[in-house]
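Beneath this line is the structure, given in structure tokens, with notes to follow.
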Amino acid sequence: MPTDITTPDVPVNPPWEDLVTSALLGTDRRPLRAAGGTAAGPVALLDAAAVHTLRRRAALRPATGAVLPVPAPADPRPPLPAAARRRLAQLLADRSAPPSGGRRGAAPDLTELIPQWLASAHARGYRAPAELLPALLDAARARSDLRPHVLAFAGPRGLWLAGLNPEWRFALRASHRGAHRPDTSDPEAVRRLWEEGLFAERVALLGAVREQDPDAARSLLTATWSTERAEDRLMFVDSLRSGLSGSDEAFLEEALADRSRNVRSTAAELLSALPGSALARRMAARATSCVNPDRTGGDVSIAVEAPHECDAAMERDGVVPVPPSGRGERSWWLGQLVEATPLGVWREKFGGRTAQELVMLPVSDGWDAELHAAWCRAAVRQRDPGWARALLGAPSTPLANGPGTVSLAERSKLLATLPPSERALWVAGFIAAHGLSEAFQLLGVCSVPWDGPLGRAVVDALDIARDAGSYPWSFSGVMGLAERCLNPAEADRLAVLTTTPDEPEGASPGAGGYWSEAFLRLVSTLRLRAAMDAELAQDRQDRPGGAGTATGRGSDEAEGGRQ
Amino acid sequence: MVLSHGGEPWRSAGRVEHKTTEWVLELAPDDKSRAAGLALGSERVWSGAGRGGPGVAWGVCADGDGPPHRTTVDTNVPDYRCSCRREESPCRHVLGLLLLLASDARVLGRVQEPPAWAARRPADRRGRAAAEAPPGPAAAEGPASREAARRADRRAERITGGTRELEQRLTDLLRGGLAEVDRPGYGLWEETAARMVDAQAPGLANRVRDLGSLPASGPGWPARLLEECALLHLLDSGWLGRDRLPGPLAATVRRRVGLTASAEGPAVRDRWLVLAQYDVPDGRIVTRRIWLYGTESARTALLLSYGAPGRAPAHALPVGAVVDAEVTPFSGGGGLRAELGPRYGEPVVTAAPPPGGTTAEAVAAYGRALRDDPWLDAWPVTLSDVIPAPSGDGWRLVGAADASALPIAPSALSRPGLWKLVALSGGGPLTVFGECGHRGFDPLAAWPPETSDDAGASAAVALA
């Protein structure tokens, strides 16, 4: 055995710093001094360093007196059922996985289901699983549309965690915008926050107070109104929109004289939505002087004489005097007057005619488009379903011949004033008559999941589009919407569409295969949504509780672990 | 994992074992052969392949390197032959063929008679091999074991040569000063690592390669580099003086240098709780580490398995599962490394954490473990009632009772598991399993307190 590699005269316990210095500079330049004063070589240095290293590692001790973080506030919500917990983990893992190429194929797009899952879990009042909070916050960081859902579901522990990681700062900012509700139980604290808080805090506070006690909110506002900045006043006056009632009228009348034009027009808009307000009466008087029944022929028609000027009083009541370019002054003023007039006035004026009858009356001198458009805006502003129904007409009416406006945007706004089931029926009728190409915007205002008739109309229309031989991606918008909004119970009915049919004459080559793939994805997405709902609906009694439950829960969790 | 072989017994006497992919990869003399063997474990490069019975196979391998090689293997003897002229033993072609055999590749077909070139010698041995003891330098007489002993001696000589060369390079480095290595383009480590591969000492090669990353590891690197150089020197000295070391320590030195050990301890049957499972990329191969805790024996065991590129390692055990199984420990290295034997029944999942200790007990356990293996970087421990707390740029685990703190290892600070741990604690105490060493504590799994009303949340959560 070789003996030349160890040196007997190892220096006696030199300080570690000396060893490092000597090693760094080299033993030729900075030799270690051995016990006898003789210079020790590199081997002796390595021997001593090994002893030091091991001695240090073997003698490690914990540090003492560490400072602990403030614990997260308690979250009393019940935990998720085990299956739903696994589902969420899977949805979040899929989000961070790299996309698997361009075309989507037949697999459901899990990322699109995250918002629905979060809203559903939050609505059922479940607590987010702690170990998934980091993935949830990461998802919300990447997609700001997820933030309100994620923050509501993540709850106090999510907010606590976000405070520890600078990457999740957005959560702290966003929480001021409404996810975190200010405490309104202590009037003194409310007053202090209102007087001293930041703008965002004050908006949140005003909203919260308004929800509980509309008059108290207005009193807060009145107290400081004269000192607020113009852009803040606009936000504050706008927050009166919720819980608006006749008792707000005096305050809003005063705001009609505000220095800021935007505050004035918002106050006027709010007042006109109060049919009993003085402003509504003044506007009605102006409008009815312009629009009158004309009985000169045999039948009644509507005679329109648009205003000739926009006087100071009209301006004070929120009428904008200068029209956008390309529009005539008089029709612009007329539109604003009719829009701000309570719709009930017209029935009186026209001998008790209903909205349906009124929209069918002929209008003189080509004013019909202008008048009907103004009625549409009035119906939306005053949330009047009777008028909305009349203005929408029958869904099968050809697009160009309808009463009122034909703009899809206006129609979807009118639809929004109808009860959900009626909305769905109307859109179903629309799709049956006109197909899907114009329906996307209208589908957006229907409540989810779609009612039976609407779902069937969409599926039938997709089936017809397939038979027409075009490619499915012309309908990818509606397809995507259908995946998220169709009632999951429709999946079985749809399964028959997933087969690849014979290609019809003149079809785009290969379209049939793509269609069956698209339907396959639709069906699998619906099945997945049904499964997700069922998991979240699992009765809490199903879940084992307490210490003796490990194996009960284990049996289903072990499935994933088997080879 | 025992496979059935079409009903025709090649040999009726003796215990026939199916060799696993892990076993084959362990057999490789070095990383290079292992990677090459994995590449040749593909059905495409083999022709005229077949199998003669459990553990016996042959085939012609066209790897594009000269004429095709004729390869035969018989794991029962064992006997590996190949017409290539490579020095490593077993060669890459043998490894490739063994991998085909281990994965029950279709190219091998059903059991058949071997062709003439492959038939001669296996047929000679049929009678004797059945009674043969496991291979090893000290095994019974006979040409095969004598040959094996000669091979082992040759390899030991090469390693000795390697350690001397490494000692020379270390002393030269220390003479000139560590400051040298901070210069750009310093190529000593890669070259030295390659020399250690040539010397068939993969353990030394890996350590040398790791040294190369230290000068870029931030302030204080000279001290860290000196520590690792000193430990490498200690390993060299241990190898050169291994005859004078106590048996277990000598075994540790052999394993650290890179000689493969085998699972030879008596098997322990227990209900094993899976504490952690994580994969470490290792060149083209993925190494999977699984930590087990014996709920009755109170032993901790480490299973290693390997995955070829694009394939997952063989074992997959969910954290928190309890597996009734036999586990066979390896020799050396504190007795942690083990091999998974037969399993009984399906795993069940438990929410119960393993028993834990304090932070002081954790570092003390690491210190004790260093007596058996001075090259140990960390030791598996469970901490109970600790709270993650931020501290400067990093995090610490703080004992709830005594406010004593262990730093979390820097490598764990950038992993998503850290935030899972923090979220799970919510500022309260929990049980954490991890590897505790001189770089700090690396958390691998956590259990929230049982007092939590959330039955689902008190299950184990993997952090690695």
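Protein sequence lines correspond, in order, to chains A and B.
Sequential numbering from 0 applies to the first sequence in numbering that gives the first Met the number 0.
Sequential numbering from 0 applies to the second sequence in numbering that gives the first Met the number 0.
Just so it is clear, CB atoms sit at the ideal spot from N, CA and C, and this is done for glycine as well.
Are the Cβ atoms of residue i and residue j separated by less than 8 Å?
i	j	result
A324 (chain B)	L339 (chain B)	yes
V321 (chain B)	W271 (chain B)	yes
A378 (chain A)	T416 (chain A)	yes
L131 (chain A)	I113 (chain A)	no
S21 (chain A)	P14 (chain A)	no
E21 (chain B)	Y305 (chain B)	yes
A463 (chain B)	A275 (chain B)	yes
W514 (chain A)	R465 (chain A)	yes
A61 (chain B)	S46 (chain B)	yes
V385 (chain B)	V431 (chain B)	yes
F235 (chain A)	E227 (chain A)	yes
I158 (chain B)	Q111 (chain B)	no
S383 (chain B)	T63 (chain A)	no
G319 (chain B)	V348 (chain B)	yes
D257 (chain A)	R280 (chain A)	no
Find the nearest neighbour of residue i within the set the options, judged by alpha-carbon distance.
i	options	result
R420 (chain A)	A:V344, A:S406, A:L453 and A:R380	Before going further, note that residue 420 (chain A) is Ser rather than Arg in the sequence given. S420 (chain A) has its Cα closest to that of A:L453, out of A:V344, A:S406, A:L453 and A:R380.
L169 (chain B)	B:D197, B:M195, B:R208 and B:L231	B:L231
C83 (chain B)	B:G427, B:R69, B:L94 and B:D384	B:R69
W449 (chain A)	A:A305, A:V208, A:L485 and A:G325	A:L485
P245 (chain B)	B:T259, B:S304 and B:R370	B:R370
W374 (chain A)	A:A286, A:S523, A:G327 and A:E437	A:A286
S184 (chain A)	A:R209, A:R168 and A:G25	A:R209
R145 (chain B)	B:E295, B:P77, B:G47 and B:P114	B:P77
L99 (chain B)	B:Q111, B:G54 and B:P89	B:G54
Q211 (chain A)	A:R228, A:A199, A:W224 and A:S241	A:S241
V326 (chain B)	B:A313, B:G356, B:L187 and B:G293	B:G293
A460 (chain A)	A:C445, A:I430 and A:Y470	A:I430
V273 (chain B)	B:A143, B:H92, B:V106 and B:P379	B:P379
L405 (chain B)	B:R255, B:S413 and B:G356	B:G356
R201 (chain A)	A:E482, A:R346, A:S238 and A:S469	A:S238
Name the DSSP bridge partner or partners of residue i?
i	result
I480 (chain B)	Nothing about residue 480 (chain B) can be read from this structure; chain B reaches only from 0 to 463.
R69 (chain B)	B:V59
Y277 (chain B)	B:R288
S46 (chain B)	B:V59
L91 (chain B)	Rather than Leu, the amino acid found at residue 91 (chain B) in this sequence is Arg. None, per the DSSP bridge assignment.
Using the Cβ count rule (16 or more neighbours within 10 Å means buried), how would you classify residue i?
i	result
R395 (chain B)	buried
V434 (chain B)	Looking at the sequence provided, one finds Glu at residue 434 (chain B) rather than Val. Buried.
I4 (chain A)	In this predicted model, I4 (chain A) has a pLDDT of only 39, less than 50, meaning its place in the structure is not dependable; the value taken from the coordinates is given anyway. Under this definition I4 (chain A) is a buried residue.
A311 (chain B)	exposed
I463 (chain A)	exposed
W116 (chain B)	exposed
Q167 (chain B)	exposed
P447 (chain B)	buried
Q335 (chain A)	buried
Y125 (chain A)	buried
R172 (chain A)	exposed
L435 (chain A)	buried
Y343 (chain B)	exposed
S413 (chain B)	exposed
V495 (chain A)	exposed
G65 (chain B)	exposed
D123 (chain B)	For D123 (chain B), the pLDDT reaches just 42, beneath the cut-off of 50, and the residue's location in the model is therefore unreliable, although a value from the coordinates is still provided. When all chains shown are included, D123 (chain B) counts as exposed.
* Could you run through the stretch 24-54 of chain A and flag, in chain order, every residue whose CB is less than 9 Å away from some CB of chain B? => L24, G25, T26, D27, R28, R29, G40, P41, V42, L44, L45, D46, A47, A48, A49, V50, H51, T52 and L53
* To do: For the stretch 166-185 of chain B, enumerate the residues whose C-beta is nearer than 9 Å to any C-beta of chain A, in chain order.
  => E166, L169, T170, D171, L172, L173, R174, G175, G176, L177, A178 and E179
* To do: Mind checking the stretch 335-360 of chain B against chain A and listing, in chain order, the residues whose C-beta falls within less than 9 Å of any C-beta there?
  => E345, P346, V347, V348, T349, A350, A351, T357, T358 and A359
* Asked: Along the stretch 121-155 of chain A, what residues have a CB closer than 7 Å to any CB found in chain B?
  -> The residues in question are P128, A129, E130, L132 and P133.
* To do: Note down, in chain order, all residues in the stretch 212-235 of chain B with a beta-carbon under 7 Å from any beta-carbon belonging to chain A.
  => P221, A222, L225, E226, C228, A229, L230, H232 and L233
* Which of the residues in the stretch 64-75 of chain A, read from start to end, lie with their CB under 8 Å from any CB of chain B? -> G64, A65, V66, L67, P68, V69, P70 and A71
* Taking a Cβ distance cut-off of 7 Å, strictly less, list which residues of the stretch 398-421 of chain B are near chain A, in chain order. => A402, S403, A404, L405, P415, W418, K419 and V421
* To do: Anything in the stretch 401-426 of chain A with a Cβ closer than 8 Å to a Cβ of chain B? List those residues in chain order, please.
  => none
* To do: Give, in chain order, every residue of the stretch 254-280 of chain B whose Cβ lies closer than 7 Å to some Cβ of chain A.
  => none
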